[in-house]
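**Q** Dropping the structure in here first, questions after.
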């Protein structure tokens, strides 16, 4: 079949169809038997016929008008079956993968007045329409993780139905996972195909590739180190570069710097346009208006505003953007933000120390007490079962391990002093100096008299902390786990580092304050004599505990599971979603509840025994997604889109918006039906034109 | 007033027709004294002219008053009233045996009505058919008492005398040389044409009325489908597939045909009337024929 026509029937079906006009002709000739009628005179009739016979060819045609109409109807039907059409992409190959981005940015309404996702679905539907018999296709939608919408099938109706089920999400984008899945599925398909063709093994190879159509706006990080294998990708960019968007990029509550008992809401608005924008941020608490501020956001920059909440009660905090800056704003979903205000109990801090006067003194201040309830314990506690259960249930906000380490990491933020956490990422070179390290480990993992070179002054843990004149006798040199950051660098290496673990953070101070030697405790550093020492510990409390009561309502992104820590050891928990949907959670083990249904942005309420005990907010604060302009890359543009997309080493050419194939079969079939109706009418009326 | 069982002339129609009389635009010379003015001067009450007496004139018509005054013999002339020769010629071919009522029946009824008018006014009424053999003459009727004879004669007319129109008319003209009013009733659907027949009548110098009687089926054919039309007279076959243009063409042909007859007639001083078997005879007479001046 060429570009104009597409085959839809098998030869046998065509043969059957070809018999129809033959049958019509046969019936026509068989039927022509005239009925004799006696008339007074044929005189006038003869004259009338003679006149008409002048145009005998047309007369003959007219005579057989019904035949003509029947044949015309059949011809139209045949033509419709040939599916004539023009434009559109011709599908090459036999297997197709449609990867459809349904991340938050795809909800931007900048493709001819419809959202990018709708435009993508429309185009995929058009491609599905064009599938010839024998072609199979698969649909995958992807946001931050991919979802197989429909596995390989040649049922176009099923494909269309499944395609319609793809809805927008509020998630970020991860093309890599989608590609992995696609590559996996397509190679699986190829293997299966190879199995099928055991009779003709020479027909195996390279033509068994799958074509992957990637419908996206390119709002995702570069995909590196990826081999496409048998995937033959085609990138179809959606959206325009000129798309304007002003988005909320942060919304959080925190305690006031000056008056810690008061909370503040912080709103950050980012302008992804070329012009400055003025927006009005409006704060509502549980639906009631609290405050509003006008925020001027420079072009391409962010601006923030702080709203004092005073002693606002617990509730769902919502911020809405409105105003002139939102004209022509293509993405609506990021103009709202949510935060949860919880009546958080003061944090609970456990200090496990064999005895450390400096530390104990530093944590005994009034301010420290206001921030958290601090308990002290000896390292022996760590082996007790009750403690282990308590630590696992997430009862503590922070556990400080001074010269000791637990067997298993607790479900809490931790700060290790002089030791390393018992997990692999920290263990690479670290070892405890108190445990008589082996010589080679000491050579690699510890350092004597390290000179502090630099420290991260910007990090809240080291705010207002001065390390200028601090001497240290020995210290562990710390590896920096993935995602972690070095906070103090010395001549020997990192002395203080912080790294995330699940939803917690572990900070490790390489050097102990006091070392326990053979002659009892010995000073390891002169830091406790500096002003910075108590400041540091206050920072620790503020960072881990003060933040924790905000962290207790963590800002999750849609689709991410949320860990719910409960005060009581209740066995069931109910979570009320923003749309009022209630989800019952059962406790699986001693571990905290995991809540997965976080698709909707908004404030979720945790109900324990009929009472709302806490809330958490789910927000999409993703600059990648909010920056809705079509991803600029490459040097030449086509139709305002991008020229290509790089996946690993492969440059994937952009196809541009492919016009849907314009097909004629519907009007043709309609015309056939119309002709048939006219034929029927004429047959009944005996009015031959 | 004769009483008749004939359906040709129901009593109500008769009552209506009694008031009418046949009219001719031409003044003919009749054979007998009748109720009609003639060119001939004769005995009647209608004064025509005076003229001088010439020897041999009937002295009874001298105007004695004038003689007394002028002392001259002046003859007073009166218009003589004469009878009218009224001929009806009916086409009895097979094609006339169609329609409901048949065209022939309609023609007979029309002939009866006109004949009745003539008989009541003492005209000479003669009814003949086209297919009548050359030697045979139709009865010549006169006077009211002959109405039943006329009806009898009409009732006896059967269709099926197939002869061409021209031949029939020619024979009639040979039989009836006299002057008068001739009403030709027929469908004129002769494959050899009607013109020749009408030309014979022109030569006859009669006051000719041509009444073409067609059936409703001929005027508005109600046929469908693929048909083989068989002519009842000569078994001629015409195959047609009924279609809108064919029907339209038929109507055009019919209109052209009747129009042609009308033109032919009016050019030759004949009156043409198109009638169909759906039109009541009394209405035809009361409106159409009256309008054309055949009856008054």
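Residue numbers (the numbering used here), protein chains in the order written: chain A, 24 to 712; chain B, 513 to 808. A virtual CB, placed ideally from N, CA and C, is assigned to each residue, including glycine. The model shown is predicted, which means the values in this text are computed figures rather than measured ones.
With respect to the alpha helix (DSSP H) encompassing residue 97 of chain A, which residues constitute its N-terminal and C-terminal limits?
**A** For residue 97 of chain A, the enclosing alpha helix (DSSP H) covers residues 88-104.
**Q** For residue 605 of chain A, does the count of other Cβ atoms within 10 angstroms reach 16, so buried, or fall short, so exposed?
**A** exposed
**Q** Would you kindly report the start and end of the unbroken alpha helix (DSSP H) that includes residue 407 of chain A?
**A** First-last for residue 407 of chain A: undefined, no H or E at that position.
**Q** Does DSSP put residue 260 of chain A in a helix, in a strand, or in coil?
**A** Three-state result, residue 260 of chain A: strand.
**Q** Is residue 771 of chain B helix, strand or coil when you go by DSSP?
**A** helix
**Q** Which residues mark the beginning and the end of the beta strand (DSSP E) in which residue 294 of chain A is found?
**A** 286-294
**Q** In three-state terms, what does DSSP make of residue 743 of chain B?
**A** strand
**Q** Should residue 61 of chain A be labelled buried (16 or more other beta-carbon atoms within 10 Å of its own) or exposed?
**A** exposed
**Q** Measure the C-alpha to C-alpha separation of residue 575 of chain A and residue 181 of chain A and round it to an integer number of angstroms.
**A** Residue confidence for residue 575 of chain A is low, a pLDDT of 45 falling below 50, so the modelled location carries little weight; the figure read from the coordinates is stated next. The straight-line gap from Cα to Cα measures roughly 45 Å.
**Q** Whole angstroms are fine: how far does the CA of residue 352 of chain A sit from the CA of residue 648 of chain A?
**A** 14 Å
**Q** Looking at the unbroken alpha helix (DSSP H) that takes in residue 648 of chain A, where does it start and where does it end?
**A** 646-649
**Q** Can you give the Cα-Cα distance for residue 105 of chain A and residue 349 of chain A, rounded to whole angstroms?
**A** 49 Å
**Q** Taking 8 Å as the threshold (beta carbon to beta carbon), is residue 639 of chain B in contact with chain A?
**A** no
**Q** Please decide whether residue 620 of chain B counts as near chain A, where near means a Cβ-Cβ distance under 8 Å.
**A** Not flagged as an interface residue toward chain A: residue 620 of chain B, since no C-beta distance is shorter than 8 Å.
**Q** From A/504, A/234, A/151, A/91, pick the residue whose C-alpha is nearest to that of residue 705 of chain A; which is it?
**A** Nearest option by C-alpha distance: A/91.
**Q** If you draw a straight line from the alpha carbon of residue 675 of chain A to that of residue 107 of chain A, how long is it in whole angstroms?
**A** Going by the C-alpha atoms only, they are around 31 Å apart.
**Q** Between the beta-carbon of residue 707 of chain B and the beta-carbon of residue 628 of chain B, is there less than 8 Å?
**A** Contact: no.
**Q** Report, in whole angstroms, the separation of the C-beta atoms of residue 703 of chain B and residue 66 of chain A, which I expect to be a contact under 8 Å.
**A** Right, the Cβ-Cβ distance comes to about 6 Å (below 8 Å), so this counts as a contact.
**Q** I'd like to check one pair, residue 125 of chain A with residue 190 of chain A: are the Cβ atoms closer than 8 Å?
**A** yes
**Q** Shortest alpha-carbon distance to residue 548 of chain A belongs to which of A/318, A/651, A/492?
**A** It is A/492 whose Cα lies nearest to the Cα of residue 548 of chain A.
**Q** I'd like to confirm the pairing. Which residues does DSSP put opposite residue 617 of chain A in its beta bridges?
**A** Looking at the DSSP assignment, residue 617 of chain A forms a beta bridge with A/586.
**Q** If I follow the unbroken alpha helix (DSSP H) through residue 632 of chain B, where does it start and stop?
**A** 615-632
**Q** In the DSSP assignment, find the unbroken beta strand (DSSP E) run with residue 638 of chain B in it and report its ends.
**A** 636-641
**Q** Below 8 Å, how does it come out for the stretch 624-639 of chain A and the stretch 328-347 of chain A: are there three or more Cβ pairs, yes or no?
**A** Per the Cβ contact rule, the stretch 624-639 of chain A is in contact with the stretch 328-347 of chain A (3 or more Cβ pairs under 8 Å).
**Q** Among A/624, A/630, A/689, which has the Cα closest to the Cα of residue 609 of chain A?
**A** A/630
**Q** State the CB to CB distance for the pair residue 197 of chain A and residue 165 of chain A, rounded to an integer number of angstroms; the pair is presumed to be in contact (CB under 8 Å).
**A** 7 Å
**Q** Compare the C-beta of residue 643 of chain B against all C-beta atoms of chain A and say whether one is closer than 8 Å.
**A** no
**Q** Using a 10 Å radius around the Cβ and a threshold of 16 neighbouring Cβ atoms, would you call residue 749 of chain B buried or exposed?
**A** exposed
**Q** Do residue 133 of chain A and residue 262 of chain A have their beta-carbon atoms positioned less than 8 Å apart in this structure?
**A** Remark: C-beta atoms of residue 262 of chain A and residue 133 of chain A approach each other more closely than 8 Å.
**Q** At 3 residues or longer, and completely inside the stretch 412-443 of chain A: list those beta strand (DSSP E) runs for me, N to C.
**A** 421-425, 436-440
**Q** Would you kindly report the start and end of the unbroken beta strand (DSSP E) that includes residue 599 of chain B?
**A** Run containing residue 599 of chain B: 597-602, per the beta strand (DSSP E) assignment.
**Q** Quick check on the burial criterion: 16 or more other C-beta atoms within 10 angstroms. Buried or exposed for residue 760 of chain B?
**A** exposed
**Q** With three or more beta-carbon pairs closer than 8 Å as the criterion, would you say the stretch 601-611 of chain B touches the stretch 625-645 of chain B?
**A** yes
**Q** Counting C-beta neighbours from all protein chains within 10 Å, is the total for residue 700 of chain A 16 or more, i.e. buried, or is it exposed?
**A** exposed
**Q** Would you mind telling me which residues of chain B sit closer than 8 Å to residue 686 of chain A, beta carbon to beta carbon, in chain order?
**A** Residues of chain B passing the Cβ test: none, with the nearest at roughly 37 Å.
**Q** In chain order, what residues of the same chain have a beta carbon less than 8 Å from the beta carbon of residue 670 of chain B, not counting five sequence neighbours either side?
**A** 604
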